[in-house]
Amino acid sequence: MSPILIAEQVLNGLQSGVMLFLMAAGLTLIFGVMGLINLAHGSLYMVGAFAAAALAGATGSFLLALLGALVAAALAGALVEIVVIRRLYSTDHLDQVLATFALILIFSEGTRWLFGSFPLYLDIPAALSGPVTLPGGIQYPLYRLTLIGAGLAVALGLWLLIERTRLGIQIRAGENDREMIAALGVDISRLYTVVFALGAALAGMAGALVGAIQSVQVGMGEPVLILAFVVIVIGGIGSIKGAFVGALLVGLTDTLGGIFLPELFKLVTDPATATSWGSSLASMAIYILMSLVLIWRPTGLFGARA
159 MSPILIAEQV LNGLQSGVML FLMAAGLTLI FGVMGLINLA HGSLYMVGAF AAAALAGATG
219 SFLLALLGAL VAAALAGALV EIVVIRRLYS TDHLDQVLAT FALILIFSEG TRWLFGSFPL
279 YLDIPAALSG PVTLPGGIQY PLYRLTLIGA GLAVALGLWL LIERTRLGIQ IRAGENDREM
339 IAALGVDISR LYTVVFALGA ALAGMAGALV GAIQSVQVGM GEPVLILAFV VIVIGGIGSI
399 KGAFVGALLV GLTDTLGGIF LPELFKLVTD PATATSWGSS LASMAIYILM SLVLIWRPTG
459 LFGARA
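Residue numbers for the sequence shown follow our numbering, so the first one is 159 and each next one is one higher.
Here is the structure:
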């Protein structure tokens with residue numbers, strides 16, 4: 159296995175990880191501040207992807223499509239929070255799970271009614287198409303490299319928002335004692351709507367960016383949602399830093415496991431069956447990683463200890 163191939167797969171893992179972070183960051187914000195289990199978060203990822211594909215087809219501009227995806231997902235998130243989620247804060251988690259699962263069905267059928275059952279395709283912008291030569295002679299797609307940079311920039315911006323702004327102070331305070339900040343005059347309903355819309359916008363952005371390298375179709379958000387839950391369990395529920403580290407670990411484990419494990423099995427077993435055994439284990443690698451982290455630290459890598 160050549161060093162260039164390994165480097166390319168590491169970059170693929172980073173790209174997958176930073177896109178997972180955009181999903182997981184919104185999910186952990188919503189759960190950390192609101193205590194809400196939102197199974198419909200993957201549907202907001204799908205909303206962003208479909209909005210971007212539709213706007214790109216209508217305007218021919220990828221930038222306008224990306225901005226439209228952010229706005230569409232944020233508005234959808236705010237509407238869902240005001241109409242449905244606001245009634246679930248005082249209920250137990252089972253009610254939240256059932257209600258947000260119903261939202262998945264509503265979003266899926268609504269999207270199918272608007273766009274049909276066939277997948278849409280979002281073209282990579284011409285300025286970002288083609289490969290770029292990296293040090294060591296590595297040829298890597300410029301668009302995927304841009305995704306890594308965009309994800310890291312959003313991670314930095316989100317950290318600055320949480321740590322350096324008044325809204326961030328309110329979000330962190332709401333995470334610890336929502337009754338107290340309400341007593342101090344903070345409009346808790348408005349704060350919840352803003353947090354939910356922010357989480358939805360991050361998911362929509364991820365959907366729009368990934369939509370250019372895979373087909374945009376109904377139900378595309380659910381597999382990503384499962385990985386996002388794995389990320390926040392590994393990183394620690396409510397921790398943005400944990401979501402970032404967990405996303406990178408999951409992205410690299412998933413990508414590199416699919417390459418190295420089949421090769422490893424070829425050394426210890428029959429080459430005819432090594433690929434199937436290695437591929438099966440690779441598909442379980444992130445869940446094995448999650449189990450090991452929870453055995454070592456049940457609250458996740460950066461979760462607060464009881």
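Think of the CB as a built atom: it goes at the ideal place given N, C-alpha and C, for glycine as much as any other residue.
query: Alpha carbon of LEU213 to alpha carbon of TYR279, nearest angstrom; result: 11 Å
query: Own chain, CB closer than 8 Å to THR217, minus 5 neighbours either side, in chain order; result: ALA223
query: DSSP-derived helix/strand/coil call for LEU222; result: helix
query: Pair within 8 Å by beta-carbon distance, GLY404 and ILE392; result: yes
query: Between the CA atoms of THR457 and SER201 - distance to the nearest angstrom; result: 27 Å
query: Residue interval of the alpha helix (DSSP H) (run including ILE392); result: 379-393
query: Beta-carbon separation (whole angstroms), LEU318 vs LEU325, contact threshold 8 Å; result: Not quite, the Cβ-Cβ distance comes to about 11 Å (not below 8 Å), so this is no contact.
query: C-alpha distance - LEU321 paired with PRO420, whole-angstrom precision; result: Sequence inspection shows Glu at residue 321; the Leu mentioned does not correspond to that position. Whole-angstrom Cα-Cα distance: 43 Å.
query: Three CB pairs or more closer than 8 Å across the segment 221-239 and the segment 344-360; result: yes
query: Closest Cα partner of LEU459 within the set ASP412, GLY396, SER441; result: GLY396
query: Supposed close pair VAL312, LEU180 - CB separation, criterion 8 Å; result: 6 Å
query: Pick from GLN375, VAL344, GLU267 that is closest to GLN328, judged by C-alpha positions; result: VAL344
query: Spatial distance of LEU286 from MET442 (CA atoms); result: 33 Å
query: Environment of VAL241 [buried if 16+ CB atoms lie within 10 Å]; result: exposed
query: Whether PHE220 touches PRO283 by CB criterion (8 Å); result: yes
query: Residue(s) in a DSSP beta bridge with VAL403; result: VAL403 is not bridged to any residue.
query: Of the residues VAL376, VAL368, GLY415, LEU237, the one placed nearest ILE306, counting alpha carbons only; result: VAL368
query: Every unbroken alpha helix (DSSP H) inside the segment 283-328 [4 residues or more]; result: 300-322
query: Inter-stretch contact (C-beta, 8 Å, three-pair minimum) for the segment 166-177 and the segment 295-304; result: yes
query: LEU278 in three-state terms, based on DSSP; result: strand
query: Proximity of ALA227 and MET378 at Cβ, strictly below 8 Å; result: no
query: CA-to-CA distance, GLY288 to ILE453, given in whole angstroms; result: 44 Å
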